[in-house]
Amino acid sequence: MSRAHWWRLLGPPLLAVAVLVAATPAAALGAYQASVDVNTSAFNPPCDPDVNNIVPKMMTAAKAAYGRLGHVATSYTGVDFTRARTLARTPYDWGYYVHSHGDYYWHSGDARRYTGFREDSGDCSQAVVFSKDIKAKRAGRQSNLVFVSTCHAADANTTMPDAFAIEKTKSFGANVQGPEFYVGYIGLQWDSDEWIFEQRFWNALAAGKSVGASFDVAMLGAFKAAGFDADWWGTYQWMGVAGPWSTCRYCI
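Per our numbering, the very first residue in the sequence shown carries number 758; after that it's consecutive.
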């Protein structure tokens, strides 16, 4: 997010994150790394005047979801979520989730803008992780599910999908582009609405829906902001299971 937008008073969650759990197929239980980076410091004192209880829930839910999909998932926040550590891990990530401040940031060295997000680093001076940084480290390596839970991550001009070698196209039916899916938010959004969306998305995946169908379910949430919006690119009918294509029924 670009600003600490959230509501202190939330209604009951539409779905409990842990309720809908599907068995992970044995074929998916490879060592497919997933990193979950969550910027806790930016949304809490002293960086923000209000205490934010939503962000830790997002981290827990995302880590559990990637684990159900067959990833070896690890979460990072505070001093463990820095630009340097994120870039060191990213070549080995099949799955990636980040929640932080995000925007179309100016890169002085290139004299242009790139989509990016801010590290946590355990303080209020938070460096930007630019999409170009991730792209250089990954060097075209395949990605599975990438969820960039920040503002502007899915704007029309976003450069973040390309960093993970995910083409900005929507593939349906026989038109597939591989086991990959990118999710992000459009414009400025509130943490409370993002949390509603993410609960619904993770629960739909756990219930056996495809990544695309899970996105559709998530978009039906009772959001408090009339302008809430998100977008995706990738293979709609893919089931989100970690790793490359296989012959299992969960993969197409």
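We treat Cβ as the ideally placed atom computed from N, Cα and C, and that holds for glycine.
Below 8 angstroms, enough C-beta pairs join the region 925-933 and the region 988-996 to call them touching: three or more. Annotation note: the region 911-952 contains the following uninterrupted alpha helix (DSSP H) runs of length 4 or greater, listed N- to C-terminal: 917-920. Contact between S832 and V795 holds: their C-beta atoms lie close to 7 angstroms from each other, under 8 angstroms. In the three-state reduction of the DSSP assignment, W1002 falls in the coil class, being assigned neither a helical nor a strand state. The beta carbon of N801 is closer than 7 angstroms to those of V808 and N809 in its chain, skipping five residues each way along the sequence. For T831, the enclosing beta strand (DSSP E) covers residues H828 to Y833. Taking one beta carbon from each stretch, the region 899-906 and the region 849-869 have 3 or more pairs nearer than 8 angstroms; the two touch. With at least 16 other beta carbons inside 10 angstroms of its own, P936 counts as buried. Measuring C-alpha to C-alpha distances from T839 to each of Q790, V940 and A799 identifies A799 as the nearest. Inter-residue distance for H858 and R875 is about 6 angstroms (C-alpha atoms, whole angstroms). For L844, the three-state secondary structure derived from DSSP is helix. DSSP lists V795 and S906 as the beta-bridge partner residues of H856. Counted as a single uninterrupted DSSP element, the beta strand (DSSP E) harbouring V886 occupies residues V885 to F887. Nearest neighbour of A979 by Cα position, chosen from W863, Q956 and G997, turns out to be Q956. The C-beta separation of L844 from K894 comes to about 5 angstroms, placing the pair in contact by the 8 angstroms criterion. In the structure shown, Y861 adopts extended strand secondary structure according to DSSP, grouped into three states.
A direct Cα-Cα distance of roughly 34 angstroms separates R842 from G984.
Distances from the CA of T907 to each of I923, Q946 and G824 were compared; the closest alpha carbon is that of Q946. Note on G866: under 16 other CB atoms within 10 angstroms of its CB, so exposed under the neighbour-count rule. Between A911 and G941 a beta carbon distance of about 3 angstroms is seen, short of the 8 angstroms cut, so the two are scored as contacting. DSSP places D973 inside the alpha helix (DSSP H), whose first and last residues are V968 to A975.
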